[in-house]
Every structure is written in structure tokens, then in C-alpha cells.
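Enquirer:
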Amino acid sequence: MALKQNKTSMAAAIAAAAGNPPIPPAKIERANSALPRGTIASVRVGAGGIQEIDTSLILPWGPKDRLGVELTPVNSEAEPNFDAAVLELAESINEAGGQQVPVLLRPSEEVDGHFEVIYGRRRILACKHLNQPVRALVRTLDDKEALQAKGLENSSRVDLSYYERARFAREILNQGYDRSEAITALAISKNTLSQLERVTNDIPDDLGDMIGSAPKSGRPKWTALAEALRKNAITADRAKKFLETLNASDSDDRLNGLLSSLNPKKEAPEIRPAPDVVIKTSNSAVNMTIKRSGENEAYARWLEENLGQFIQESYERFKEGAEEKAS
310 MALKQNKTSM AAAIAAAAGN PPIPPAKIER ANSALPRGTI ASVRVGAGGI QEIDTSLILP
370 WGPKDRLGVE LTPVNSEAEP NFDAAVLELA ESINEAGGQQ VPVLLRPSEE VDGHFEVIYG
430 RRRILACKHL NQPVRALVRT LDDKEALQAK GLENSSRVDL SYYERARFAR EILNQGYDRS
490 EAITALAISK NTLSQLERVT NDIPDDLGDM IGSAPKSGRP KWTALAEALR KNAITADRAK
550 KFLETLNASD SDDRLNGLLS SLNPKKEAPE IRPAPDVVIK TSNSAVNMTI KRSGENEAYA
610 RWLEENLGQF IQESYERFKE GAEEKAS
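Following my numbering, the numbering of the sequence shown begins with 310 at its first residue and continues without gaps.
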């Protein structure tokens, strides 16, 4: 599944970098070339310039676009985080006989002989898990070019959730890019950027992290949660405490459960006009139950025989009363 999704997004993603010549895996001076123009379809899979790079030489870069995917920094003793999606992708790569979709890197100006990842963090982690080098396009890109390439790849990726897009947009702005650059990178409108901002402004990151990416949940659900927090229908602390008690391993279930807790279903009011007779009313229906047992069995049988007539008579009285009010 993960491999197929990456295949469909590859052509659009590498288009932004395809115009520069291959770079040998060594520190070089950063070029300031513009992104190439042309159609995405002109980029061919397996074109020259794809290299195999040791995953230990790859550094994180830029705005974070996906929850739960982290590269281990250089000289860090921390173990890499292989979540379920990364392990699934590693299995797909292994079954396919190798990585089919290259990642995009640029030479690091900070650490000699190392590279910064523009996009492809999950593929890098999957290759790290498999103890194999990652196949990569290495291009000289300045920060704006790199951001556009990253955004182009994200816009073609079907598995990036709405909440991850919101967090990615916020990270772009937090790193000093202006709104027009964020709009271009994400290929969205001003209105959409404002909607994404409202979500991240009203939902604290730690609460969003507890919920997760929720890939099946779109703007309406995240907006509903943001509005509930903004209007104090629930506080972030109460929401986190609720999630701690919620037995749900799926991020979409956690979001749905939290939203459901904001509008709990009210028990329909009960009327007990006679022994073992219960009438429940709601906005959509009126229900009556009568037990057919014990002393009530004879009454239940008698009511069954006469209920139709009672209803008909009561309905006629209702119509007469409605006509009198109208006249």
C-alpha cells in the first residue's frame, strides 16, 4: 500500500529537482539555480543521477511535514523511530526487490560529507531498518527551491492527512517563510492556508500528537475540534485526560471518540403512566413498551386489541383542536 502511494507521487515530486546535474557524495559549494520548468510527465523514472547514499550520512532539514517520523540526528545515541508505517514501507521495499522511488537530498553546508533530506524521510527510515543504502537524487537547492520541491511532493501525496498539512503549513511559517511562499509550496489558496492556521492555532501540538495524523479525517472534524477548544466547550487538559482513558489505537478513532464526547447522547425522558408501561420521547420518535408478564399480561393483551382505536380517536381530537386554533 505505502509503496504504491509513493510510486504515484514520485513523478511530481522529483520534477522540481530534475533539472540539475548529479552531485557526487561530497561537500560542494551550494548552487543558486532556479527550479526547472516543464511538464511533470517529462521526468522519467530511473533517469540518470540516482545514487546510493548511506543513511547515516543524512540529516533532517526544513519544516516537518509528517507526524511521528523523525531522523536520528548525527552523533545521537537515540535509536531511530520505526513506526508501523515505516515498517510497512520497509516490507514493501523488501518484497519489491529494492527501493523503487528515490528520495531527494542536497549536500549539507554544515557537516562535511553529509546530506540534508528534502523529502523521503519514511523511505530513508525504511532503508535504515533494512540496513541498506537509500537511492537518492542529490541536487544543489537553496532553501526556497528545497521548500518548493518538498511542497510539490507533498501536494501529490495522497496519504498526507489534513492535520499533517496544517502542521506542515505552520512549520513553514515558523521557519521564516512568508505566506506567499507557504501558499506556493503547498499549492493552496489564501483561504485554505487560513483554515489550516486556525486548526493549529486552536489545537495545542501535544493534544494533536496524542490524537495522531487521523488520515481518514478531513477539515470538518479538525475544525470542529478547534472550534470546541476555542469556545471552551472543552479544555485541552480535559481532552488529553479523555484520550488517556480512551481505548483506541487508531488515530481516527481517537479523534472521533473525542468529538463524540463533546455531544454525548442524552437519555430520552421516560413517562410511566401505569405499572410496567414506559413511554420514551426523543426529537425523532415516541416509543411505548408494555411488559407481557405477571399481572400486566392481561392489560397488555387488552391494550393491543384496542390501541388502534385509541390512536385513531386521539388523532381526530388533535385535528379538531388544530382546526379550532387556526380559525
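Glycine included, every Cβ here is placed at the ideal spot set by N, Cα and C. In this text, all values refer to a predicted model and were calculated from it rather than measured experimentally.
Going by DSSP, which residues form a beta bridge with residue 428?
Expert: The partner list for residue 428 (beta bridge, DSSP) reads 413.
Enquirer: Any idea if residue 611 is buried or exposed, counting beta-carbon neighbours within 10 angstroms, 16 or more meaning buried?
Expert: When all chains shown are included, residue 611 counts as exposed.
Enquirer: Spell out a yes or no on whether the region 442-452 and the region 358-367 are touching, meaning 3 or more CB-CB pairs, one atom from each, closer than 8 angstroms.
Expert: With a cut-off of 8 angstroms, the region 358-367 and the region 442-452 count as touching, because enough Cβ pairs lie within range.
Enquirer: Between which two residues does the beta strand (DSSP E) holding residue 444 run?
Expert: Unbroken beta strand (DSSP E) run through residue 444: 443-447.
Enquirer: Helix or strand or just coil, what does DSSP make of residue 590?
Expert: Strand at residue 590.
Enquirer: How about residue 432 and residue 443: are their beta carbons less than 8 angstroms apart?
Expert: Cβ atoms of residue 432 and residue 443: closer than 8 angstroms.
Enquirer: Quick one: what's residue 359 bridged to in DSSP?
Expert: Residue 359 pairs with 446.
Enquirer: Taking 8 angstroms as the cut-off, does the region 558-567 touch the region 580-589 (at least 3 CB pairs, one atom from each stretch)?
Expert: Short answer: they don't touch.
Enquirer: Keeping to the same chain, check which residues put their C-beta closer than 7 angstroms to that of residue 557; ignore five residues upstream and five downstream.
Expert: Same-chain partners within the cutoff: 563 and 566.
Enquirer: Thinking C-beta only, is residue 471 closer than 8 angstroms to residue 401?
Expert: No, these two residues do not count as a Cβ contact at 8 angstroms.
Enquirer: Which of the three DSSP states is assigned to residue 536 in this structure?
Expert: Helix.
Enquirer: How about residue 505 and residue 548: are their beta carbons less than 8 angstroms apart?
Expert: Not in contact: residue 505 and residue 548 (Cβ atoms no closer than 8 angstroms).
Enquirer: What's the gap between the Cα of residue 545 and the Cα of residue 571?
Expert: In a straight line, the C-alpha of residue 545 is about 12 angstroms away from that of residue 571.
Enquirer: Would residue 427 pass as a contact of residue 405 if the rule is Cβ separation under 8 angstroms?
Expert: For residue 427 and residue 405, no; Cβs fall outside 8 angstroms.
Enquirer: Strictly by DSSP, which residues pair up with residue 580?
Expert: Residue 580 is bridged to 588.
Enquirer: Should residue 364 and residue 437 be called a contact, given that it needs their Cβ atoms to be closer than 8 angstroms?
Expert: Result yes, Cβ atoms of residue 364 and residue 437 sit closer than 8 angstroms.
Enquirer: Quick one: what does DSSP say residue 520 is sitting in, helix, strand or coil?
Expert: Correct three-state label for residue 520: helix.
Enquirer: Using DSSP's beta-bridge definition, name the partner residues of residue 598.
Expert: DSSP lists 587 as partners of residue 598.
Enquirer: Between residue 411 and residue 417, what straight-line distance do the alpha-carbon atoms span, to the nearest angstrom?
Expert: Residue 411 and residue 417: Cα-Cα distance of roughly 18 angstroms.
Enquirer: Flag this pair as yes or no: are the beta carbons of residue 538 and residue 511 separated by less than 8 angstroms?
Expert: Yes, they are a contact pair.
Enquirer: How would you write the range of the alpha helix (DSSP H) that residue 555 sits in, first residue to last?
Expert: Where residue 555 is concerned, there is no enclosing alpha helix (DSSP H), given that its DSSP letter is neither H nor E.
Enquirer: Please say whether residue 397 and residue 414 have beta carbons closer to each other than 8 angstroms?
Expert: Against a cut-off of 8 angstroms, the Cβ pair of residue 397 and residue 414 comes out as no contact.
Enquirer: Which first and last residues belong to the alpha helix (DSSP H) in which residue 648 is found?
Expert: Outside the displayed range of the chain (310 to 636) lies residue 648, so it cannot be described from this structure.
Enquirer: Ends of the alpha helix (DSSP H) at residue 489?
Expert: It spans 488-495 - the alpha helix (DSSP H) in which residue 489 sits, taken as one unbroken run.
Enquirer: Hey, quick one: how far does the alpha helix (DSSP H) through residue 401 stretch, first residue to last?
Expert: Its alpha helix (DSSP H) spans residues 393-404.
Enquirer: State the beta-bridge partners of residue 368 as determined by DSSP.
Expert: Note: residue 368 sits in a beta bridge opposite 425.
Enquirer: Around the Cβ of residue 461, are there at least 16 other Cβ atoms within 10 angstroms (buried) or fewer (exposed)?
Expert: Buried: at least 16 other Cβ atoms inside 10 Å.
Enquirer: Please work out which residues of its chain come closer than 8 angstroms, Cβ to Cβ, to residue 488, disregarding the five sequence neighbours upstream and downstream, and give them in chain order.
Expert: Only 482, 499 and 502 meet the Cβ criterion.
Enquirer: Would you report the Cα separation of residue 616 and residue 601, rounded to the nearest angstrom?
Expert: If you take the alpha carbons of residue 616 and residue 601, they lie about 15 angstroms apart.
Enquirer: Measure from the alpha carbon of residue 453 to the alpha carbon of each residue in 439, 484, 423 and 552, then state which is nearest.
Expert: Residue 453 has its Cα closest to that of 484, out of 439, 484, 423 and 552.
Enquirer: Does residue 620 pass the burial test, meaning 16 or more other C-beta atoms within 10 Å, or should it be called exposed?
Expert: Exposed.
Enquirer: Below 8 angstroms CB to CB, which residues in the same chain sit around residue 530 once its five sequence neighbours on both sides are set aside?
Expert: Counting only Cβ-Cβ distances below 8 angstroms, and skipping sequence neighbours, we find 523, 564, 565 and 568.
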